[in-house]
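Have a look at the structure below, then the notes.
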Ligand SMILES: Cc1cc2nc3c(=O)[nH]c(=O)nc-3n(C[C@H](O)[C@H](O)[C@H](O)COP(=O)(O)OP(=O)(O)OC[C@H]3O[C@@H](n4cnc5c(N)ncnc54)[C@H](O)[C@@H]3O)c2cc1C
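In my numbering, the protein residues as written are 12 to 531.
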């Protein structure tokens, strides 16, 4: 794909940013037949898009805020999201538990009514019914709930997915549709013809090599970093985003041994909180903390950790402490700034904005993973409206199955099934070496998967493999750190001498250590 840049080829559309938003636009533009280039400065989904709660949802919480349009659109997109990538996204039951007299008399009827409206808004796209559960049924549906004071609950359905793997599937789908999608390539400037943008200047982060790429249309899909790129084009532009940090803590399955997720609809600060079973562990979160510095690796604040442990702990039978946490990670939401005023990020819009600068730079930010596909359609509609590329009909991605999806109607092979040993070496598990020379297997993770990631999924570092092609960094940071050396050795075998195995493993171990909570 780099050779396409070296050849000096021009593109119809260049997309900057390889998260959910940019990758969605790349798939749509390429599927409509535009010659398309996407460049990501780090790895695909290194930013916010690997740090979501992993829900494909309409957003019960946005309904409570009265945002019916957003919920309705997201519920429609939820159906397409699950249909087009059943290997990466599935329906999941959620239980809302109710406690005490207040729970029985106020909360159960109130939330049952709200969730019935949620179901009604999903119309023919519904995933399952809403059921009122008695105390026993609630405990059966979500074993691990705190039984003391429990009076019952409500069950409803939403979707769940693997965000970083979904991003890689989008990159591969864009490639299948003839796009060039490159990670570790940063946009460092724009090329102008008079006062119109007519290309981008790109730096290959691994070699430092620069490419000037001519194009008709540049799309800035850089999430919370969108204003940095806008300011390269227009230094005086007013900011579009108000970033907000969300933290997740991952604990063992035994802390909440349930196949349903739990939703706490109202925490002490008026947010919702989830406990979601995911890849054999449980994700607890999240928070909503305004943040103006924009680190690539944001760290949770102590108050956020204590808040999640206290709020989740109130609803779970097993006591939680900092020692229960296997990994703690944070992401930055690109929330759209209100035109005036500011303040509470919980109330800022989850809808997206598309803005076209006087020089023709198309910037998009906001939204959520669930609506990435319809966001892409609105970005391309803005390009057409500004005459940047000639109009071509929308809708092609509604039923475009992603790379790896089984054909419609066929039965699913499990997501974790590794590629065949004949192609990718042995099925030997990857083994972590822990302090004290203790050795542990990473369940469901094999040498073949590392080779596949290096050969076909553009994995360039140990972190790419352990954080995003597999999700071990987010599931158990200590185990992931212990596997760094083994993964580096396999990658060196795949990538050859240019891959510095020791440096890549050491950098990953430092990162993984920062995902562990220090004692209070
Ligand atoms: C805590 C949390 C929980 C969430 N949970 C959910 C959920 O459950 N469901 C849901 O639907 N949504 C959820 N979201 C929202 C969703 O994750 C985001 O809306 C989405 O991931 C944003 O994607 P993006 O592509 O706009 O940004 P990003 O994923 O951040 O992508 C932007 C990319 O641009 C790259 N970049 C920056 N500058 C340059 C440059 N100069 N050149 C090249 N590349 C550059 C960055 O490296 C980055 O990878 C959640 C968000 C958070 C923070």
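Ideal Cβ placement from N, Cα and C applies to all residues, glycine included.
Go ahead and label residue 330 buried or exposed: buried means 16 or more other beta carbons lie within 10 angstroms of its beta carbon, across all protein chains shown.
exposed
On the CB-based measure, 16 or more other CB atoms within 10 Å of its CB, does residue 551 come out buried or exposed?
This structure gives no information on residue 551, because the portion of the chain shown stretches from 12 to 531.
How is the alpha helix (DSSP H) around residue 195 delimited, first residue to last?
Counting along the chain, residue 195 falls outside any alpha helix (DSSP H), and DSSP gives it neither H nor E.
Going straight from the alpha carbon of residue 29 to that of residue 324, what length do you get?
36 angstroms
Report buried or exposed for residue 309, applying the criterion of at least 16 other Cβ atoms within 10 angstroms of its Cβ.
That one is buried.
Residue 559: beta carbon under 6 angstroms from a heavy atom of ligand 1?
The first residue shown for the chain is 12 and the last is 531, placing residue 559 beyond what the model contains.
Hey, which unbroken runs of the beta strand (DSSP E) at 3 residues or more fall wholly within the segment 424–508?
440–445 and 449–457
Can you tell me where the beta strand (DSSP E) holding residue 169 begins and where it ends?
161–172
Roughly how many angstroms lie between the CA atoms of residue 514 and residue 25, to the nearest whole one?
32 angstroms
Output needed for residue 170: all residues of its chain with C-beta closer than 6 angstroms, excluding positions within five of it in sequence on either side, in chain order.
67, 89, 93, 100 and 102
State buried or exposed for residue 17, treating a residue as buried only when at least 16 other CB atoms are found within 10 Å of its CB.
exposed
By Cβ distance, which residues of its chain are closer than 6 angstroms to residue 480, with the 5 residues on each side in sequence left out?
464, 468 and 470
Hey, quick one: how far does the alpha helix (DSSP H) through residue 319 stretch, first residue to last?
313–326
DSSP has residue 536 in a bridge; who is on the other side?
The requested residue 536 is not part of the displayed model; the chain covers only 12 to 531.
Helix or strand or just coil, what does DSSP make of residue 50?
strand
For residue 400 and residue 54, which I take to be in contact (beta-carbon distance under 8 angstroms), what is that distance rounded to the nearest angstrom?
At roughly 28 angstroms, the Cβ-Cβ gap does not stay under 8 angstroms, so residue 400 and residue 54 are not in contact.
Can you name the start and end residues of the beta strand (DSSP E) that residue 523 belongs to?
That residue, residue 523, is in no beta strand (DSSP E); its alpha helix (DSSP H) goes 512–525.
Assign residue 512 to buried or exposed, taking buried as 16 or more other Cβ atoms, counted over all protein chains shown, within 10 Å of its Cβ.
buried
What residues are listed by DSSP as bridge partners for residue 261?
294 and 338
Flag this pair as touching only if the segment 121–131 and the segment 290–304 have three or more C-beta atom pairs under 8 angstroms; answer yes or no.
In short, these stretches do not touch, since the Cβ pair count stays below three.
Taking its Cβ as the centre, do 16 or more other Cβ atoms sit within 10 Å of residue 320, making it buried, or is it exposed?
Classification of residue 320: buried, given that the 10 Å Cβ count is 16 or more.
Measure the Cβ-Cβ separation of residue 501 and residue 473 and say whether it is below 7 angstroms.
no
Straight-line CA distance for residue 156 to residue 328?
As the crow flies, the alpha-carbon of residue 156 is around 5 angstroms from that of residue 328.
Taking 7 angstroms as the cut-off, decide whether the C-beta atoms of residue 164 and residue 106 are in contact.
yes
Alpha carbon to alpha carbon, how far is residue 173 from residue 406? Give it in angstroms, no decimals.
The straight-line gap from Cα to Cα measures roughly 24 angstroms.
Using only alpha-carbon positions, find the residue among 344, 265 and 268 that is nearest to residue 303.
With distances taken between Cα atoms, residue 303 lies closest to 344.
Where residue 141 and residue 529 are concerned, what is the direct C-alpha to C-alpha distance, given to the nearest angstrom?
41 angstroms
Under 8 angstroms Cβ to Cβ from residue 248, same chain only, skipping five residues before and after it: list those, please.
238, 241, 242 and 368
With respect to 6 angstroms, is the separation between the Cβ of residue 60 and the closest non-hydrogen atom of ligand 1 below this value?
yes
Within the continuous beta strand (DSSP E) that includes residue 230, where are the two ends?
Annotation: the continuous beta strand (DSSP E) that includes residue 230 extends over 221–231.
Does at least one heavy atom of ligand 1 sit under 6 angstroms from the Cβ of residue 51?
yes
Return the chain-ordered list of same chain residues with a C-beta closer than 6 angstroms to the C-beta of residue 426, the five sequence neighbours on each side being excluded.
Reliability fails at residue 426, whose pLDDT of 46 lies under 50, so the model's placement of it is uncertain and no value is given.
Name the two residues that bound the continuous alpha helix (DSSP H) containing residue 103.
Looking at the DSSP string, residue 103 is not in any alpha helix (DSSP H); the run it does join, the beta strand (DSSP E), is 100–110.
Consult DSSP for residue 15 and reduce its assignment to one of helix, strand or coil.
helix
On a Cα-Cα basis, can you pick out the residue from 375, 168, 76 and 526 that is closest to residue 136?
168
Hey, how far is the Cα of residue 161 from the Cα of residue 119?
11 angstroms
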